[in-house]
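In this note's numbering, each residue carries its 1-based index in the sequence shown increased by 673.
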Amino acid sequence: MKKILLLTTFTVVLLIGIFIFTFGSALTQEGNPAPILTSIMKLELFNNGYEKISDSHNMVTYVSEKKGKYAFRFTKKFMKDHGWSFKEQIGSGLLFVKNKKVVTIETRQYTKNYYLWKLPKEALK
674 MKKILLLTTF TVVLLIGIFI FTFGSALTQE GNPAPILTSI MKLELFNNGY EKISDSHNMV
734 TYVSEKKGKY AFRFTKKFMK DHGWSFKEQI GSGLLFVKNK KVVTIETRQY TKNYYLWKLP
794 KEALK
């Protein structure tokens with residue numbers, strides 16, 4: 674019985690250590706990292722390219738995995754699915770055009786493997 678308890682405790686501590694090692698830098702960036710980490714876990718489980726983090730009155734925030742030189746491919750695909758055409762990247766902003774309207778998506782590196790992107794709600798209409 675003691676061996677099972679010891680093995681269970683060791684496994685839990687090991688999993689917590691792996692979690693902190695993986696997401697350690699993210700835990701101190703934002704005020705409350707829980708919504709972001711929850712979205713990252715959903716992203717890893719369902720592997721759909723992006724996951725919504727928050728939805729305020731005028732902005733929507735998503736998280737995506739950053740892989741290689743095609744880091745913003747999920748963001749570009751998301752916008753293309755909503756009828757927007759990618760125009761150019763200016764710094765950390767991605768410019769999209771639709772019916773002579775221009776919208777800029779703000780991107781921000783969150784960890785080594787993930788980035789956050791914010792877009793105005795008007796872009797989803």
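Cβ atoms here follow ideal geometry from the backbone N, Cα and C, with glycine treated the same way.
Just so you know, these numbers come straight off a predicted model, no measurement behind them.
Nearest neighbour of Thr780, chosen from Ile713, Phe745, Asn772 [CA to CA]: On the sequence shown, residue 780 is found 107 positions in, with the first residue counted as 1. For Thr780, the nearest C-alpha among the options comes from Phe745.
Mind checking who Gly766 pairs with in its DSSP beta bridge? Here residue 766 refers to the residue found at position 93 of the sequence shown. Beta-bridge pairing links Gly766 to Ile763, Glu779.
Residue interval of the beta strand (DSSP E) (run including Glu738): Reading the sequence shown from its first residue, position 65 is the one you call residue 738. First-last of the beta strand (DSSP E) with Glu738: 732-738.
Coarse secondary structure for Pro708, derived from DSSP in three states: For this step, residue 708 is matched to residue 35 along the sequence shown. Pro708: helix per DSSP, three-state reduction.
What do you get for Ser712, buried or exposed, if any count of 16 or more other CB atoms within 10 angstroms of its CB means buried? Mapped onto the sequence shown, residue 712 falls at position 39. With 16 or more other Cβ atoms within 10 Å, it is buried.
Whose C-beta lies closer than 8 Å to the C-beta of Trp757 among residues of the same chain, with five residues either side of it excluded? As a working mapping, residue 757 is identified with position 84 in the sequence shown. Around Trp757: Phe769, Val770, Lys771, Val776, Ala796.
Tell me the DSSP secondary structure of Lys794 in three-state form. Position 121 of the sequence shown, counted from the start, is the residue given in the question as residue 794. Lys794 falls in the helix class under three-state DSSP.
One or two residues paired with Tyr788 in a DSSP bridge: Position 115 of the sequence shown, counted from the first residue, corresponds to residue 788. Note: Tyr788 sits in a beta bridge opposite Ser737, Gln782.
Between the Cα of Lys739 and the Cα atoms of Phe747, Val733, Met732, which residue gives the shortest distance? Within the sequence shown, the letter at position 66 stands for residue 739. Considering only alpha carbons, the answer is Phe747.
Which residue from Lys791, Met674, Lys798 puts its Cα closest to that of Val733? Against the sequence shown, residue 733 aligns to sequence position 60. Checking every option, the nearest Cα to that of Val733 belongs to Lys791.
Suppose you measure from the CA of Thr684 to the CA of Lys785; what does that come to, to the nearest Å? One-based indexing of the sequence shown puts residue 684 at position 11. One-based indexing of the sequence shown puts residue 785 at position 112. Cα-Cα distance, rounded: 26 Å.
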